[in-house]
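> After the structure tokens below, expect a handful of questions from me.
There are 2 protein chains.
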Amino acid sequence: MNVKDLGELRLIEYLTNLIAQRTEGQSESLGHKLIIDISDDAMAWTNPKTTSLATTDTIVEGVHFTKNTSNWEDLAWKVITANLSDIASMGGLPIYALITLGIPDETKVEDLGLLYKGILDTAAEYKFKVVGGDIVKSQYVFITVSLIGATDSYPMNRASAKPGDQIGITGFLGSSLAGLKIITEKLETHMDNSSKFKVAHLRPKPHLMQGRLLSNSGIVSAMDISDGLVTDLSKLCKASQVSASIKAHSLPIDPLLKNLFPKEYVLMGLTGGEDYPILFTAPPEIMRCILPKLPFPASTIGTILDGPPGNVIVTDETGQDITPPLGGWDHFS
Amino acid sequence: MNVKDLGELRLIEYLTNLIAQRTEGQSESLGHKLIIDISDDAMAWTNPKTTSLATTDTIVEGVHFTKNTSNWEDLAWKVITANLSDIASMGGLPIYALITLGIPDETKVEDLGLLYKGILDTAAEYKFKVVGGDIVKSQYVFITVSLIGATDSYPMNRASAKPGDQIGITGFLGSSLAGLKIITEKLETHMDNSSKFKVAHLRPKPHLMQGRLLSNSGIVSAMDISDGLVTDLSKLCKASQVSASIKAHSLPIDPLLKNLFPKEYVLMGLTGGEDYPILFTAPPEIMRCILPKLPFPASTIGTILDGPPGNVIVTDETGQDITPPLGGWDHFS
Chain X
6 MNVKDLGELR LIEYLTNLIA QRTEGQSESL GHKLIIDISD DAMAWTNPKT TSLATTDTIV
66 EGVHFTKNTS NWEDLAWKVI TANLSDIASM GGLPIYALIT LGIPDETKVE DLGLLYKGIL
126 DTAAEYKFKV VGGDIVKSQY VFITVSLIGA TDSYPMNRAS AKPGDQIGIT GFLGSSLAGL
186 KIITEKLETH MDNSSKFKVA HLRPKPHLMQ GRLLSNSGIV SAMDISDGLV TDLSKLCKAS
246 QVSASIKAHS LPIDPLLKNL FPKEYVLMGL TGGEDYPILF TAPPEIMRCI LPKLPFPAST
306 IGTILDGPPG NVIVTDETGQ DITPPLGGWD HFS
Chain Y
6 MNVKDLGELR LIEYLTNLIA QRTEGQSESL GHKLIIDISD DAMAWTNPKT TSLATTDTIV
66 EGVHFTKNTS NWEDLAWKVI TANLSDIASM GGLPIYALIT LGIPDETKVE DLGLLYKGIL
126 DTAAEYKFKV VGGDIVKSQY VFITVSLIGA TDSYPMNRAS AKPGDQIGIT GFLGSSLAGL
186 KIITEKLETH MDNSSKFKVA HLRPKPHLMQ GRLLSNSGIV SAMDISDGLV TDLSKLCKAS
246 QVSASIKAHS LPIDPLLKNL FPKEYVLMGL TGGEDYPILF TAPPEIMRCI LPKLPFPAST
306 IGTILDGPPG NVIVTDETGQ DITPPLGGWD HFS
């Protein structure tokens, strides 16, 4: 059945029931309490004395995905993870999500069920409540998620890096790009053990626990890597009015990725997006104190310098400059 | 110049500057304080001990508007008012807005400047801060606004109407529909004084002050009328598990509208959407106490009854049933 046959009211009822089945009795993090859900004009909740966070991300058919190559559950992970990662990079926890769907009227109701399964799976895994949103007709699919989070510390941010800071990173780089290459270049038949990269691409994971622990350990300078290490580090440096130098041989790259892409792995680690690790900086004495105690892998890859704001230089083992051109995703160029 | 020539980074810079010029030094209602704006991964603010509110609304080209007949400033009012009205109907004040734009790459930068002028005009008039959002490429234009508000009372809501309550309404009904008819049926040449209806349609005003005063006066049962009186009253009745009876001759309709549309005005008042007055209910003794003190026009139009949930009956002066068929906007039917 498609949404045209079902009609808007019954579609909203169907999705509301899906949400209710999965969220009954679920309580919220950090003392928040939902008092009115979005079946009313607006949702309402009571806050404890925390700092609130909000972010929004959108994916559009034909720009961020095509219906032929994506499944609806994966789309949910893609857009929700982008939002969760923004909250993670501030050291926060997600609390409430508002979902806006733009859909053609021939969209299958079962597909929306799969999309909501994906959304509610992420909600269960990362402990936030889907409290409603908006459904509108649109010639192409788009999905907008607005996520409200909270933290009981001062939020980690992009504008706090200082010259002399070491640059740290949680988890591996380039894995999502490896997955994309395996899928689009159809490399899978030649490769064993490649499925973890496909999972990294299709179901990226936000580093919420990592961000929370970093913030609780006293880290104040951080952002998530969504567009690629060099591009995002440059943004952090610009916001902090500093430069950075990173050593390519220190990049945290999965050993299997190095085996699979022996000639490309450095560039993949420097430029690949959508891995969502957290980039953070701190003075060396703080890094020395914090890093050994973290219950997840984290590595240092370079140093923050006094220099032209936003400038990032990458050197190889011999000290040669191998900085890739600044790129990142530009929707309009 | 179009956005493709400007590129995403410079477009964001341009819009960020527009926002900064208009919001510098502006402080927030009810003790909120922005500590990090959306130039970072997420925005962050500190809350006083209030109840927070959130809502989201989207308009899509070809569904809610066409580029030929709409100007960009009016589009801003259209989507922002829909959001503000949701906050108004809970008795809250708007605090922060996140704007998501989906735009084709040939969109003119000047047009986005006009859109943001409209958005920032509403922000100045209704005292909220535009703190960022997301810009994505899309084949058709869409604009999603997520609005965060707050109230220091318990939010007015749809589920609190009780049998015996009188039904009140702030302001006039049908004015927006009158404006739409004047524009689309090109009636303007025959009509003097018709411009106020065009303004009511193109630049609808949310009843924020009204909602706030009603809530502060002790009203707990309310919603905004966006889809038309009968449709929305039926939703309120369904949420409250009650019925309603309204008297057509009590409808608050602009006398000029009655003159311009002598045969249609009752139906226009019963079914016209996008006027955004607030519908509220309260026991007669409370209405008697509150209504004379309100500094804005408000009228009572009927009574809440014990009966089938969602049932609404409209009678004329002779007591005859003239209930129009339940309609309202369904995107998919």
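Protein chains in written order, with my numbering: chain X, 6 to 338; chain Y, 6 to 338. Don't be surprised by glycine CBs; every beta carbon is placed ideally from N, CA and C.
#1: Buried or exposed, going by whether 16 or more other CB atoms sit within 10 Å of the CB of X:Gly154?
#2: Below 7 Å on C-beta distance, what does X:Gly138 contact in chain A?
#3: Please list the residues of the stretch 28-52 of chain Y that have a C-beta atom closer than 8 Å to any C-beta atom in chain X, keeping them in chain order.
#4: In chain order, what residues of the stretch 217-251 of chain Y put their CB closer than 8 Å to some CB of chain X?
#5: Can you give me the C-alpha to C-alpha distance between Y:Asn48 and Y:Pro267, rounded to a whole angstrom?
#6: If you measure between the beta carbons of Y:Glu13 and Y:Ile140, is that distance less than 8 Å?
#7: Do you know whose CA, among Y:Asp126, Y:Leu241, Y:Leu284, lies nearest Y:Gln26's CA?
#8: Would you call X:Cys294 buried or exposed, if buried means 16 or more other Cβ atoms sit within 10 Å of its Cβ?
#9: Please identify the residue among X:Pro209, X:Lys203, X:Asn316, X:Leu261 whose C-alpha is closest to the C-alpha of X:Lys243.
#10: Roughly how many angstroms separate the alpha carbons of Y:His206 and X:Val136, rounded to a whole number?
#11: To which residues of the same chain is X:Val146 closer than 6 Å at the C-beta, ignoring the five residues directly before and after it?
#12: Within the continuous alpha helix (DSSP H) that includes Y:Gln31, where are the two ends?
#13: For the stretch 89-101 of chain Y, enumerate the residues whose C-beta is nearer than 8 Å to any C-beta of chain X, in chain order.
#14: Check X:Asp62 in the structure and name its three-state DSSP category.
#15: What is the residue span of the beta strand (DSSP E) that Y:Met48 lies within?
#16: Taking a Cβ distance cut-off of 9 Å, strictly less, list which residues of the stretch 162-184 of chain Y are near chain X, in chain order.
#17: Measure from the C-beta of Y:Ser158 to each C-beta in chain X and report whether the shortest distance is under 8 Å.
#18: Spell out whether any CB of chain X is found under 8 Å from the CB atom of Y:Val319.
#19: Let me know if X:Asp326 comes out buried or exposed under the rule of 16 or more other beta-carbons within 10 Å of its beta-carbon.
#20: Relative to the C-alpha of Y:Asn16, which candidate in Y:Tyr121, Y:Lys54, Y:Tyr101 has its C-alpha closest?
#21: With the cut-off set at 8 Å, would you say X:Trp77 and X:Asp116 are in Cβ contact?
#22: Jot down the residue ranges of each uninterrupted alpha helix (DSSP H) in the stretch 66-136 of chain X, minimum 4 residues, whole runs only, in chain order.
#23: With 16 as the cutoff for other CB atoms within 10 Å, does X:His254 come out buried or exposed?
#24: Let me know if Y:Asn162 comes out buried or exposed under the rule of 16 or more other beta-carbons within 10 Å of its beta-carbon.
#25: I want to verify the contact list: residues of chain X whose CB lies under 8 Å from the CB of Y:Val271, in sequence order.
#26: In whole angstroms, what separates the C-alpha of Y:Ile174 from that of Y:Leu299?
#27: Would you be able to state if there are at least three C-beta pairs under 8 Å between the stretch 24-42 of chain Y and the stretch 85-92 of chain X?
#28: Hey, Y:Gly307 and Y:Ile172 are a contact pair by Cβ (cut 8 Å); roughly how many whole angstroms apart?
#29: Cα-Cα, which of X:Met273, X:Gly138, X:Gly123 is closest to X:Leu178?
#30: Going by DSSP in three states, X:Leu331 sits in which element: helix, strand or coil?
#31: Apply the 10 Å Cβ neighbour rule to X:Phe301 and answer buried if 16 or more other Cβ atoms are within range, or exposed otherwise.
#32: Between Y:Asp110 and chain X, is any beta-carbon pair separated by less than 8 Å?
#33: Could you name the residues of chain X that Y:Leu16 contacts, counting a contact when the two beta carbons are closer than 8 Å?
#34: Suppose only complete runs of 3+ residues qualify. What are the beta strand (DSSP E) ranges in the stretch 249-330 of chain X, listed by chain order?
#35: So, using beta-carbon positions, are X:Val235 and X:Leu265 closer together than 8 Å?
#36: Take Y:Ala287 as the anchor and find which of Y:Ala128, Y:Asn88, Y:Asp170 has the nearest alpha-carbon.
Concretely, from the data shown:
#1: buried
#2: Within the model displayed, chain A is absent; protein chains X and Y are what it includes.
#3: Ile40, Ile41, Ile43, Ser44, Asp45, Asp46, Ala47, Met48, Ala49, Trp50, Thr51, Asn52
#4: Met228, Asp229, Ala244
#5: Per the sequence shown, residue 48 of chain Y should be read as Met rather than Asn. If you take the alpha carbons of Y:Met48 and Y:Pro267, they lie about 51 Å apart.
#6: yes
#7: Y:Asp126
#8: exposed
#9: X:Asn316
#10: 30 Å
#11: Glu66, Ile108
#12: It is not in any alpha helix (DSSP H) - Y:Gln31 carries neither H nor E in the DSSP assignment.
#13: Ser90, Asp91, Ile92, Ser94, Met95, Gly97, Tyr101
#14: strand
#15: 48-51
#16: Asn162, Arg163, Ala164
#17: no
#18: no
#19: exposed
#20: The sequence as given places Leu at residue 16 of chain Y; Asn does not occur at that position. Checking every option, the nearest Cα to that of Y:Leu16 belongs to Y:Tyr121.
#21: yes
#22: 77-93, 114-131
#23: exposed
#24: buried
#25: Near Y:Val271 there are no residues of chain X at all, since even the closest Cβ is about 26 Å away, more than 8 Å.
#26: 12 Å
#27: no
#28: 5 Å
#29: X:Met273
#30: coil
#31: exposed
#32: yes
#33: Phe337
#34: 283-287, 303-310, 317-320
#35: no
#36: Y:Asp170
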